[in-house]
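Some notes on the structure that comes next.
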C-alpha cells in the first residue's frame, strides 16, 4: 500500500513540475531569450565553421565508414537528443577555450557552451 501511495505522490509531483516548467518556458521573456541564444549560437557556429569544418569532415567519415574508434574519440557530451552532435575531440570542453561545435539536425553550423538547452 505504501508503495502505491509513493508512486501516486511521485506521479503527481512530476505532473506539477511539468506544468510549472511549461508555464515558465511559454513566458514571452523566456521565448525572447531563447531566440537570442539561438541567434548567438548560429552566429558563432558560422564564425567558427572554416576553422572547425575538418572536425565535421572527420566525424562524417567515421559515421559513413562505421569507424567506432573514430567516433569514440569525439566529445562525450550528450547533445544528440537536442539534435546536436559536437564533432570536436573529447576533452575540449574542459579547456574552456573551445565551445561545443557541430551542426544542427537541419545541417546548420552551431556552437554552444555547456549542455545544449532542452527543446523549448
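Numbering (the numbering used here), first residue to last: 6 to 125. Virtual Cβ for every residue (Gly too), placed ideally from N, Cα, C.
Rounded to the nearest angstrom, what separates residue i and residue j at their Cα positions?
{"i": "residue 72", "j": "residue 28", "result": "43 Å"}
{"i": "residue 123", "j": "residue 18", "result": "Note that residue 123 scores a pLDDT of 49, beneath 50, so its modelled location is shaky; the value from the coordinates is reported in the next line. Using only the alpha carbons, I get a separation of about 20 Å."}
{"i": "residue 68", "j": "residue 84", "result": "17 Å"}
{"i": "residue 57", "j": "residue 36", "result": "30 Å"}
{"i": "residue 38", "j": "residue 60", "result": "30 Å"}
{"i": "residue 9", "j": "residue 23", "result": "21 Å"}
{"i": "residue 70", "j": "residue 80", "result": "19 Å"}
Less than 9 Å separating the beta-carbons of residue i and residue j?
{"i": "residue 92", "j": "residue 64", "result": "yes"}
{"i": "residue 111", "j": "residue 105", "result": "no"}
{"i": "residue 5", "j": "residue 109", "result": "Past the boundaries of the shown model lies residue 5; the chain is included only from 6 to 125, so the question cannot be answered."}
{"i": "residue 90", "j": "residue 78", "result": "no"}
Assuming residue i and residue j form a contact by the criterion Cβ under 8 Å, report the distance between their Cβ atoms to the nearest whole angstrom.
{"i": "residue 115", "j": "residue 50", "result": "4 Å"}
{"i": "residue 117", "j": "residue 46", "result": "5 Å"}
Using a Cβ-Cβ distance cut-off of 9 Å, determine whether residue i contacts chain D.
{"i": "residue 91", "result": "Structure shown: chain D not included; a single protein chain is present."}
On a CA-only basis, which of the options is nearest residue i? Give me that one, please.
{"i": "residue 74", "options": "55, 95, 59 and 54", "result": "95"}
{"i": "residue 113", "options": "6, 102 and 54", "result": "54"}
* Run through the segment 43–95 for me and flag every whole alpha helix (DSSP H) of 4 or more residues, listed as ranges in chain order. => Runs of alpha helix (DSSP H) with 4 or more residues, each lying fully within the segment 43–95, are found at 73–77, listed in chain order.
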